[in-house]
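Using the UniProt record's numbering, read the sequence shown as starting at 1 and increasing by one per residue.
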Amino acid sequence: MEVNVNDVVLPGDRVSSSNFSNLHKSSKILGPGLRLFEGQVYVSKGGVLKQNKLIFWVESQKKRYVPASDEFVIGIVTQKSGDYYKVDIGASELASLSYLSFEGATKKLRPDIKVGDALYTKVLTAKRDMEPELVCVDSHWKKGRLGFLNTNGFIFTCSLTLTQKLLSKNRPLEKMAENRKFEIAVGLNGRIWINADTEVVKPLINTILELELLSEEEINKNCSNIFSKNCKI
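The structure is reproduced here in structure tokens:
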């Protein structure tokens, strides 16, 4: 089947040459989900065909998080192992977190970490065949941004693609916060923590999940209206 930009695509679909008609033959860049075979571009995974200037790729709804250095994630402490804690970040294996990786922590002053605690952390290292390592300090962020998440908050999951949209330069969350007060932490591992008044929690979650199928441009234009509509329901 021949497909175009913004079409839902499946493995084996052929990308129409009309998508490249205004580009020099050697100037296009094929990203994830696309392969060149005998002069034709074919789809290698399901999703939506996307384009940004010279770059073409397939945007798919990945379910499993693959850790990458310097990404912010939400993790759940699952066990203690010596001076380290094991943290579930939704990857194929647990991540490790040293008690010294908290702001102000020393050998005498250890953070009070319990199994089940939710943490907003940063991936320090992520290498193949090694468990990811996390930290709860960041020299580029204001003090207190990383670490324990309030137990009064609520954690829910979404696609990895949606978290990327929420953290885009358009800052849709700031637009929603213009009319309602809430705290939020977005992890690139597909987890979101929110802390808000009871009447705001459900509309906020529904609004965020509705943004899944919208483009970044549509989100920028409509997110405030969608949130206001959900708050009235």
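Quick reminder that beta carbons are idealized off the backbone N, C-alpha and C, glycines included. No experiment lies behind these values; they were computed from the predicted model shown.
Express the C-alpha separation of residue j and residue i in angstroms, rounding to a whole number.
i	j	result
Ala185	Cys158	13 Å
Glu216	Ser60	15 Å
Lys169	Asn152	29 Å
Cys136	Asn150	15 Å
Val9	Thr78	38 Å
Pro111	Phe102	7 Å
Ile205	Lys165	15 Å
Ile76	Leu146	14 Å
Leu36	Lys114	50 Å
Val201	Thr121	23 Å
Leu30	Glu199	45 Å
Ile219	Ala105	40 Å
Lys232	Glu210	16 Å
Ile194	Ser92	25 Å
Pro11	Lys45	5 Å
Pro203	Ser17	43 Å
Name the two residues that bound the continuous beta strand (DSSP E) containing residue i.
i	result
Ser101	Ala95 to Phe102
Phe56	Ile55 to Glu59
Cys223	Not the beta strand (DSSP E): Cys223 falls in the alpha helix (DSSP H), residues Glu216 to Lys232.
Lys80	Phe72 to Ser81
Glu133	Glu133 to Cys136
Lys122	Ala118 to Thr125
Leu49	Gly47 to Asn52
Asp88	Tyr84 to Asp88
Leu188	Element bounds for Leu188: n/a, residue is neither H nor E.
Ile113	That residue, Ile113, is in no beta strand (DSSP E); it is neither H nor E in DSSP.
For residue i, is the classification buried or exposed, using 16 other Cβ atoms within 10 angstroms of its Cβ as the cut-off for buried?
i	result
Leu54	exposed
Lys181	exposed
Val66	exposed
Asn52	exposed
Glu38	exposed
Asn189	buried
Pro32	exposed
Arg171	exposed
Beta-carbon within less than 6 Å of residue i's beta-carbon, same chain only, minus the 5 sequence neighbours each way: which residues are those?
i	result
Phe227	Met176 and Thr207
Asp13	Met1, Val3 and Val43
Leu109	none
Considering only C-alpha positions, which residue in the set the options is nearest to residue i?
i	options	result
Ala95	Val41, Tyr85, Ser69 and Ala118	Tyr85
Leu119	Thr106, Phe154 and Lys108	Phe154
Glu212	Pro32, Thr161 and Phe156	Thr161
Ser98	Glu131, Val66 and Gly90	Glu131
Asp197	Leu30, Glu183 and Gly190	Glu183
Leu100	Asn22, Gly82 and Leu173	Gly82
Phe72	Leu134, Asn222, Leu214 and Lys229	Leu134
Note down, in chain order, each residue of its chain lying with its Cβ closer than 7 Å to the Cβ of residue i, except the 5 sequence neighbours on either side.
i	result
Gln40	Arg14
Asn6	Val48 and Leu49
Asp117	Val77 and Phe148
Trp57	Gly31, Pro32, Gly33, Leu34 and Lys50
Within the continuous alpha helix (DSSP H) that includes residue i, where are the two ends?
i	result
Lys165	Leu160 to Leu166
Lys202	Thr198 to Glu210
Glu174	Pro172 to Met176
Only counting the same chain, and skipping five residues up and downstream in sequence, which positions put a Cβ closer than 8 Å to that of residue i?
i	result
Ser224	Lys175, Met176, Glu178 and Asn179
Ser69	Val123, Leu124, Thr125 and Ala126
Leu167	Val186 and Leu188
Val87	Gly75, Ile76, Val77, Thr78, Leu94, Ala95, Ser96, Leu97, Leu119, Thr121 and Leu134
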